[in-house]
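Engineer:
Numbering (our numbering), first residue to last: 163 to 432.
#1: Among 181, 378 and 341, which residue has its Cα nearest to the Cα of residue 350?
#2: I think residue 287 touches residue 337, with their Cβ atoms under 8 Å apart; what is that distance to the nearest whole Å?
#3: Have a look at the DSSP bridge pairing and note the partners of residue 329.
#4: Measuring straight from C-alpha to C-alpha, what distance separates residue 306 and residue 298?
#5: Considering only residues of the same chain and omitting the five flanking positions on each side of residue 273, which have a CB-CB separation below 8 Å?
#6: Tell me which same chain residues have a C-beta within less than 8 Å of the C-beta of residue 202, skipping the five on either side of it?
#7: Quick check: residue 382 and residue 316, are their CB atoms within less than 8 Å of each other?
#8: Taking the alpha-carbon positions, what's the residue 347 to residue 376 distance?
#9: In three-state terms, what does DSSP make of residue 253?
#10: Taking the alpha helix (DSSP H) that residue 203 falls in, what are its first and last residues?
#11: Specify whether the segment 361 to 370 and the segment 402 to 415 touch according to this definition: at least 3 beta carbon pairs, one from each stretch, less than 8 Å apart.
#12: Should residue 339 and residue 294 be called a contact, given that it needs their Cβ atoms to be closer than 8 Å?
#13: Would residue 334 and residue 309 be called neighbours here (beta carbons separated by less than 8 Å)?
#14: Can you give the Cα-Cα distance for residue 186 and residue 178, rounded to whole angstroms?
#15: Using 10 angstroms around the beta-carbon of residue 318, count the other beta-carbons present and answer buried if the total reaches 16, otherwise exposed.
#16: Take residue 406 as the anchor and find which of 417, 418 and 390 has the nearest alpha-carbon.
#17: Between the Cα of residue 303 and the Cα atoms of 414, 423, 345 and 419, which residue gives the shortest distance?
What follows is the structure in structure tokens.
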């Protein structure tokens, strides 16, 4: 029995493991349940009881030799794979500058407008861009034959749905409706966001644009408050040196109606 152990140890030590396939073959031959080492452990019961402890120690030592050879082979293969793959970062290369994106002009302008109005006490309200006809037209007192309902101006998504026609909002006014349904006066909000119109795409027009509407509901609010608010906003937005002109105008959906002219902040209106 002792001679068999010595012979098997010599065989294990002489075994060349050069790749993963040979390592698997080594395990199948020596260390698996039906391998050569396990076979010797099976013969231990036939060894004389006086010699059994010493033979058992020799078998355990033999098993450790095999396990050490497997560990050394696995470590060797791992180092070779790392050498082939190379380091994940080449520290010898010069560093690369990271470029940060810049803010889109439309978002920058919208952000400036929000800051000005919030400083004047307005809060910001938002709503869905995919809107119901009820909120986009009906609740804003747009009758069925109103010009703003022209299908050539509105993107309808579904018609005749159970909850009503669904469309891409043509203005941010539906947000005002939702605010008035959810809140009680006094109300002072701005409603910024994207709106959609079925416009011919050109250098001056597009099918989507940004809009900002304001809503101010309280006691003793007059047209003078509207004028003062717009003048304050225009001076902060375009500079205090510019000239402002408040003139009457006509819109089929508001009464009274007015427009504001501001001199160019670059050329001063020249």
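We put the beta carbon where it would ideally sit given N, CA and C, even for glycine.
Structural biologist: According to the structure shown:
#1: 378
#2: With a Cβ gap of about 5 Å, residue 287 and residue 337 count as contacting.
#3: 293 and 318
#4: 12 Å
#5: 265
#6: Only residues of its own chain outside the window of five on either side were considered, and among them 163, 166, 167, 170, 221 and 224 have a CB closer than 8 Å to the CB of residue 202, listed in chain order.
#7: no
#8: 14 Å
#9: coil
#10: 198 to 205
#11: Result no; under three Cβ-Cβ pairs closer than 8 Å.
#12: The Cβ atoms of residue 339 and residue 294 lie no closer than 8 Å to each other.
#13: no
#14: Residue 186 and residue 178 have their C-alpha atoms some 12 Å from each other.
#15: exposed
#16: Selection 417, 418 and 390 evaluated against residue 406 yields 390 as nearest (Cα-Cα).
#17: Among 414, 423, 345 and 419, the Cα nearest to that of residue 303 belongs to 414.
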